[in-house]
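See structure below.
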Amino acid sequence: MSAPKDYYRIDIETGKEDPKSRLFCDPRAGGFVDLSNVRILACSVDTVRQLYRGLIRPEIMCLFEKPGTIVDFAGQRWHSGRVSKDSGYQYKLQNADLGIILLVKNFNAKLENIGPHLKIEVSPHAIDTFSPERLQERLDYYASHVLTNVERNQCAVHLALDLQGWQPPADLVARMHCRARAARDISGIKEIQWTLESATYGKGQSYLFGSAGGVQLGIYNKTEQARAIDKLDYWEGVWRRRDSFDETDPDNYNPEQDVWRVELRYHHSVIQQFASGSVDLHTNQAIETNSYAAFAPHLDGLWRYGLRQFKLLARPGYFEPIWTLIRDDVRVDLPVDSLVDETEYKRQYKTSRGFSGKNVELFLGNFVSLLARERVGARKAFYRLKDWECWPVIRDHYAAKGMDEDGLYKHIKGILEERHIRWGRAV
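Numbering (the numbering used here), first residue to last: 32 to 458.
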């Protein structure tokens, strides 16, 4: 079977082929597909997993004597604990503020032997903070505090493209061609596993192709997933900051429209195969990398490689135009280190858009119960509430439900009155 072909990309004014045009022409049927409304928000490294071999330092195991406690490690505070056997490791040190998880002591290697005893997982916000070289320095630093005889043992990466103006067609599974036998179509999601985190939400669709031990393609509603884990505010900041992907429309992120993610997940064994089998055209030597920093210059090639392994077809023999667009036009964005005095520091605030509001609803219910217990009136309580630092989130949450400040005061007064009548003032 011959390789699929791309639709022609046509300049709308001249009618000639233009490799950057968003107007695609079916070379056989003659129809047109206009992708001018597709907005590329970001293409970035979403997850890094750096693996190491070595001998575990004796003092490290003392950190796990009381799982669930806060411990000191490498000059910082970490949460220690056990992890499930599915991870391949027994223990973890986690600092979510840093965006780093250290998985320690491989299940299949003895403690007293040199082995693959460490995997460091890095979250998106940590990847976004440092250049690959600076990030690698940090990972190697932590590894040197866990192991002696340290040796890098390859890395695994997830590459993620976020876009608006497109969503998967209903027959995506039928039109996605790949070597992988595993394909999952999850509609009306209740719970889905993303690396080590679970997200629970009830609408949207998600598709997953391939196996975790090879290359996986995930396509899912990133807005819903981010909202479910209370990370929508963070991602909206990323999408707005990275609007430079489309120079003709620097404000192309639309908060009223869902963002869809196309994500390629590469197991470390695939990265090793890619590094060993790919040749530098200048030196004619194999890439042969074993770290994230060394592999980072080849991420664009890895992105396009993945989109050739998974082929979304418009019909037999021809790529869907969106697949051509994201394969040829997208480049993986990597952060570049800047001098401290050139950095603009900003506080990032949570907003009511970024989560379901369940915490606000629960708080208000408990707040009213305490008001009744302490015999505090609704007016006094409302003014105290407005002085609280969390008031903007509460106000915005109810404003999104069509309730202004006066309406919120009446709402508190009403449920306080109901509490008095049903349960008494100080019970």
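Built from N, CA and C at the ideal position, the CB exists for glycine as well.
With fewer than 16 other beta carbons inside 10 angstroms of its own, residue 138 counts as exposed.
When the beta-carbon positions are compared, residue 198 and residue 266 stay at least 8 Å from each other. Taking every protein chain shown into account, the CB of residue 285 has fewer than 16 other CB atoms within 10 angstroms, so this residue is exposed. When C-beta atoms of the segment 57-67 are compared with those of the segment 129-137, fewer than three pairs fall below 8 Å, so the two segments do not count as touching.
DSSP assignment within the segment 101-138 yields the following whole beta strand (DSSP E) runs of 3 residues or more, N-terminal first: 101-104, 107-113, 120-126, 131-137. Take the alpha-carbon of residue 352 and the one of residue 140: they are about 48 Å apart. Going by C-alpha positions, residue 55 is about 9 Å away from residue 37. In the three-state scheme derived from DSSP, where H, G and I count as helix and E and B as strand, residue 35 is classed as coil. Residue 435 and residue 252 have their C-alpha atoms roughly 31 Å apart. Taking the Cα of residue 181 as reference, the smallest distance to any Cα among 172, 59, 346 is reached at 172. The residue among 332, 146, 305, 192 with its C-alpha nearest the C-alpha of residue 245 is 305.
The residues 362, 363, in chain order, have a CB closer than 8 Å to that of residue 331 in the same chain once the five nearest residues on each side in sequence are set aside.
With fewer than 16 other Cβ atoms inside 10 Å of its own Cβ, residue 98 counts as exposed. With distances taken between CA atoms, residue 33 lies nearest to 347 out of 347, 51, 366. For residue 289 and residue 194, the gap between their C-alpha atoms comes out near 9 Å. With fewer than 16 other Cβ atoms from the protein chains shown falling within 10 Å of its own Cβ, residue 397 counts as exposed. For residue 355, the enclosing alpha helix (DSSP H) covers residues 352-359.
Here residue 427 carries a helix assignment [DSSP, helix/strand/coil]. Residue environment analysis places residue 50 among the exposed positions, since fewer than 16 neighbouring C-beta atoms fall within 10 angstroms of its C-beta. Rounded to whole angstroms, the Cβ separation of residue 299 and residue 185 is 4 Å, and the two are in contact under 8 Å. Counting along the chain, the unbroken alpha helix (DSSP H) around residue 173 starts and ends at 163-177.
For residue 54, the enclosing beta strand (DSSP E) starts and ends at 54-56. By the Cβ neighbour-count rule, residue 422 is exposed, with fewer than 16 other Cβ atoms within 10 Å of its own.
In the DSSP assignment, residue 158 falls within the alpha helix (DSSP H) that extends over 155-160.
By the criterion of a C-beta distance shorter than 6 Å, residue 439 is surrounded in its chain by 429, once the five residues flanking it on both sides are discounted. Judged by DSSP secondary structure, residue 264 falls within the alpha helix (DSSP H) whose first and last residues are 263-272. The beta carbons of residue 119 and residue 153 sit about 17 Å from each other, so the pair does not count as a contact at 8 Å. Beta-bridge partners of residue 75 (DSSP): 191, 364. For residue 291, the enclosing beta strand (DSSP E) covers residues 291-297. Looking at the DSSP output, residue 341 sits in a beta bridge with 209. Taking residue 335 as the centre and dropping the five residues before and after it, the same chain places the C-beta of 358 closer than 6 Å to its C-beta, in chain order. In the displayed model, residue 93 falls within a helix according to three-state DSSP. Taking all protein chains shown into account, residue 443 has 16 or more neighbouring C-beta atoms within 10 Å of its C-beta and is therefore buried. For residue 283, there is no enclosing alpha helix (DSSP H), as DSSP gives it neither H nor E. Between residue 149 and residue 85, the gap from beta carbon to beta carbon is short of 8 Å.
Distances from the CA of residue 188 to each of 82, 399, 109, 96 were compared; the closest alpha carbon is that of 82.
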